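*Asks:* Can you read through this structure? Questions will come right after.
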Amino acid sequence: MIRIYDTMKKKKVDLETVEKKKVGIYLCGPTVYDYGHLGHGRSAVCFDLLRRYLSYRGYEVTFVRNWTDIDDKTIERAKAEHTTVQELTERFIRIYEEDFEKLGILEPDEAPKPTEHIPGIVSFIERLFEREHAYLLEDGVYYDISTFDDYGKLSGQRLEDLKQGVRVDVAEGKRNPGDFALWKFEKPGEPSWPSPWGNGRPGWHIECSVMSGRYLKEEFDIHCGGQDLIFPHHEDEIAQSRGAGYRFARYWMHNGFLNIDNEKMSKSLGNFFTLRQAFELFSPKAVRFFLISSHYRAPLNFSEETLRQAEAALQRFNDFIGRVAEAKQGERGGTAETIDAGIRRAREGFTEGLDDDLNVSKALAALSDFVRDVNVLMEKGELGSESAGLVIEFMKEIDKVLGVFSFEKKKLDGEIEKLIEERIFARRKKEFARADAIRDRLLKMGIVLEDTKDGTRWKRA
RNA sequence: GGCGGCAUAGCCAAGCGGUAAGGCGACGGUCUGCAAAACCGUUAUACGUCGGUUCGAGUCCGACUGCCGCCUCCA
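For any residue, its number in the working numbering is found by taking its place in the first sequence, counting from 1, and adding 234.
Here is the structure:
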């Protein structure tokens, strides 16, 4: 049984999907007006892990992640850059897609944008009018949160408390300070679409209610996003969708923040590292491993040190895979039975960990034990090629979920190959000074050599 | 002010009432021409502090302290 932490219930619950062995997931994606930073990467990676894991466990997954392409930010930025909102958002969507691909994030089944769902948004608001949740003001259409009994349930906010917390100027005539815009009337120079109430654009929250309903079922399984979206965004989505008479999401999952110096990484604090900056310092797979290797709900502190640790830990797995791959090529016999039990145990530990609300630490501990055991076998020369093949298959199986390992070794270019051979020759003649010089030279070229009893092995630094 | 989260070794981190997983780093060892990798060993009488419950508590309860987040756009 897979257990997940449900923000609504504030505890771990058994995952019971609407339809057996099928799961519909909606993830609130980024607003596309600027480069994505590691925090966006974390959210995307966390729920990519969820999606991959559920699919590994036999679920047929429908995964929807939106791009928010119309809001104050995109409008402002487009203005500042003297371009259109559409040009700007399309440009950044492409950038996000590239970055996400590097992070090993699988493409969503649907990646909807609110600007392409205006008719659906308009009819959704009409429905809210019919059900007397919406009202009209001078600058837009608003949702009356006092008409929805469960308002505040997700975030644990009470209506009365919210009144005190209000720090923004509220529009004239709002019935409750927490009422939010469903539709904002046109301002000069801003993109707008027609509606029964006047030209304008959708409010922020409405897009997710509409698009999740469009691409998933009326009641779907898991709604995900960053913790900062719990209030007001997700609270408001619930109010809209339930208000409109839909059952909406069964479970709510939220990822913790990526911190830098123990503070939330965010655009407004200006303390962010873009994904691209991170990729200049570390390989995308190392970044993914870093983002994955700590529990998704816990805060994760970014620093060069923590990234380096992740890189080293990943290196150990990749070195392992490289060595096993060589053993697979070898002639060594032996039965595969010996390794079967180990693989089974590792798989059990791995799934037991991830079943428990994606406890990656537990899963990786099982994998670490497995790696050590197989290393011991190899050390003793007891890993047959058939067994090695099974180990590789198992690591590939695991990697369908983790998406971090490297199985392909890129070919060496001729010059490097020649240097390696030259060094082997020098070592045979016991010309160690020359051999060491060549090794240093190769190291500077990014090639690390390891002399083993079976010969010299190379890998990339 | 309201709501919520977190505090475990040098660092990251699991643990969910039965006597401290795993990883990174460091040190010692085996192996090696030397390294590297791998393996073995060492690295928390102790889980923010103080009380309480219990035969027994990082693990439950209370108080306190310190961090962080949400309450406003935000993954």
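Backbone N, C-alpha and C fix where the C-beta goes; we use that ideal spot for every residue, glycine too. Given the structure is predicted, the values throughout are model-derived calculations rather than measurements.
Report the rounded CA-to-CA distance for Ser502 versus Asp373, giving the unit in angstroms.
*Replies:* Approximately 26 Å between the Cα atoms of the pair.
*Asks:* So, under 8 Å CB-CB, Phe414 and Asp470 are touching, yes? Tell me the CB distance rounded to an integer number of Å.
*Replies:* Contact flag correct, Cβ pair sits at about 5 Å.
*Asks:* Quick one: measure Cβ to Cβ for Asp223 and Gly576, integer angstroms, because I've assumed they're closer than 8 Å.
*Replies:* Outside the modelled stretch of the chain, which goes from 235 to 695, sits residue 223, for which no answer is possible.
*Asks:* Please name the residue or residues paired with Leu534 in a DSSP beta bridge.
*Replies:* Answer is Leu492, bridged to Leu534.
*Asks:* Alpha carbons only, please: which of Phe639, Thr265, Gly583 and Arg409 is nearest the one belonging to Arg550?
*Replies:* Out of Phe639, Thr265, Gly583 and Arg409, Phe639 has the C-alpha closest to the C-alpha of Arg550.
*Asks:* Going by DSSP, which residues form a beta bridge with Val247?
*Replies:* In the DSSP output, where bridge partners are listed per residue, Val247 has Ile238.
*Asks:* What does the Cβ neighbour count give for His767, buried or exposed, with the cut at 16 atoms within 10 Å?
*Replies:* Outside the displayed span of the chain (235 to 695) sits residue 767, for which this structure offers no information.
*Asks:* Looking at the structure shown, is Asp589 part of a helix, part of a strand, or coil, going by DSSP?
*Replies:* Reduced to three states, the DSSP call for Asp589 is helix.
*Asks:* Please state the DSSP three-state secondary structure of Cys458.
*Replies:* In the structure shown, Cys458 sits in a strand (DSSP, three-state: E or B).
*Asks:* Go ahead and pull the three-state DSSP assignment for Val257.
*Replies:* Looking at Val257 - three-state DSSP - the assignment turns out to be strand.
*Asks:* In the structure shown, what three-state DSSP assignment does Ala600 receive?
*Replies:* It is helical.
*Asks:* Look at the alpha carbon of Thr586 and the alpha carbon of Asp384, and state the distance between them as a whole number of angstroms.
*Replies:* Position check: residue 586 holds Glu in this sequence, whereas Thr was assumed. For Glu586 and Asp384, the distance between alpha carbons rounds to 35 Å.
*Asks:* Restricting to runs no shorter than 4 residues, where is the alpha helix (DSSP H) found entirely within the stretch 505 to 556?
*Replies:* With a minimum length of 4 residues, the continuous alpha helix (DSSP H) runs that stay inside the stretch 505 to 556 are 509 to 515 and 518 to 526.
*Asks:* Does the distance from the C-beta atom of Ile304 to that of Arg285 stay below 8 Å?
*Replies:* No, the Cβ-Cβ distance between Ile304 and Arg285 is not below 8 Å.
*Asks:* Just confirm the distance between the C-beta atoms of Leu416 and Tyr376, as a whole number of angstroms; I'd bet it's less than 8 Å.
*Replies:* Right, the Cβ-Cβ distance comes to about 7 Å (below 8 Å), so this counts as a contact.
*Asks:* Are three or more beta carbon pairs between the stretch 514 to 523 and the stretch 478 to 488 nearer than 8 Å?
*Replies:* Counting Cβ pairs under 8 Å, fewer than three are found: no touch.
*Asks:* Just tell me which of Leu249, Lys244 and Thr241 has its CA closest to the CA of Asp590.
*Replies:* When each option's Cα is compared against that of Asp590, the closest is Leu249.
*Asks:* Thr508: which of Val252, Tyr269 and Lys254 sits nearest, CA to CA?
*Replies:* Taking only the C-alpha atoms, the option nearest Thr508 is Tyr269.
*Asks:* Count the other C-beta atoms from every protein chain shown that fall within 10 angstroms of the C-beta of Asn433, then say buried if there are 16 or more, exposed otherwise.
*Replies:* Flag for Asn433 reads exposed.
*Asks:* Taking the DSSP output, what are the residues bridged to Phe482?
*Replies:* In the DSSP output, where bridge partners are listed per residue, Phe482 has Glu453.
*Asks:* Measure the beta-carbon distance from Ala622 to Val558 and round it to whole angstroms, keeping in mind my assumption that it falls under 8 Å.
*Replies:* That belief holds up - the Cβ atoms of Ala622 and Val558 are roughly 5 Å apart, short of 8 Å.
*Asks:* Sorry if obvious, but does the Cβ on Leu249 come closer than 7 Å to a heavy atom of the ligand FAD?
*Replies:* Ligands are entirely absent from the displayed structure, and the ligand FAD is therefore not among its contents.
*Asks:* Between Asn300 and Ala345, is the Cβ-Cβ spacing less than 8 Å?
*Replies:* Yes, the pair counts as a contact, with Cβ atoms nearer than the cut-off.
*Asks:* Gly474: buried (16+ other C-beta within 10 angstroms of its C-beta) or exposed?
*Replies:* Contrary to the premise, residue 474 reads as Gln rather than Gly in this sequence. Gln474 should be labelled buried.
*Asks:* Could you tell me the distance, in whole angstroms, from the CA atom of Val257 to the CA atom of Glu424?
*Replies:* Taking the straight line joining both Cα atoms gives about 38 Å.
*Asks:* According to DSSP, is Met487 part of a helix, a strand, or is it coil?
*Replies:* Of the three classes helix, strand and coil, the one that applies to Met487 here is strand, per DSSP.
*Asks:* Using the beta-carbon count (16 or more within 10 Å), is Phe659 buried or exposed?
*Replies:* So Phe659 ends up on the exposed side.
*Asks:* What residues are listed by DSSP as bridge partners for Trp431?
*Replies:* Looking at the DSSP assignment, Trp431 forms no beta bridge with any residue, so it has no partner.
*Asks:* Grab the span of the alpha helix (DSSP H) containing Glu331 for me, first residue to last.
*Replies:* Here the alpha helix (DSSP H) through Glu331 covers Val319 to Lys336.
*Asks:* Cα separation between Gly766 and Pro436?
*Replies:* Because the chain here runs from 235 to 695, residue 766 falls outside it and cannot be looked at.
*Asks:* In terms of residues, what are the limits of the beta strand (DSSP E) holding Arg694?
*Replies:* Per DSSP, Arg694 belongs to the beta strand (DSSP E) from Gly689 to Arg694.
*Asks:* Locate the alpha helix (DSSP H) running through Asp306, then write down its first and last residues.
*Replies:* From DSSP, the alpha helix (DSSP H) with Asp306 extends over Asp306 to Ala314.
*Asks:* Any idea if Phe523 is buried or exposed, counting beta-carbon neighbours within 10 angstroms, 16 or more meaning buried?
*Replies:* Buried is the call here.
*Asks:* Asp378: which of Leu388, Ser389 and Leu393 sits nearest, CA to CA?
*Replies:* Per the Cα distances, Leu393.
*Asks:* Would Thr686 be called buried (16 or more neighbouring beta carbons within 10 Å of its own) or exposed?
*Replies:* With fewer than 16 other Cβ atoms within 10 Å, it is exposed.
*Asks:* Could you name the residues of the same chain whose beta carbon sits closer than 7 Å to that of Trp486, not counting the 5 residues immediately before and after it, in chain order?
*Replies:* Excluding residues within five positions, the ones whose Cβ falls inside 7 Å are Asp240, Thr241, Met242, Leu388, His457 and His468.
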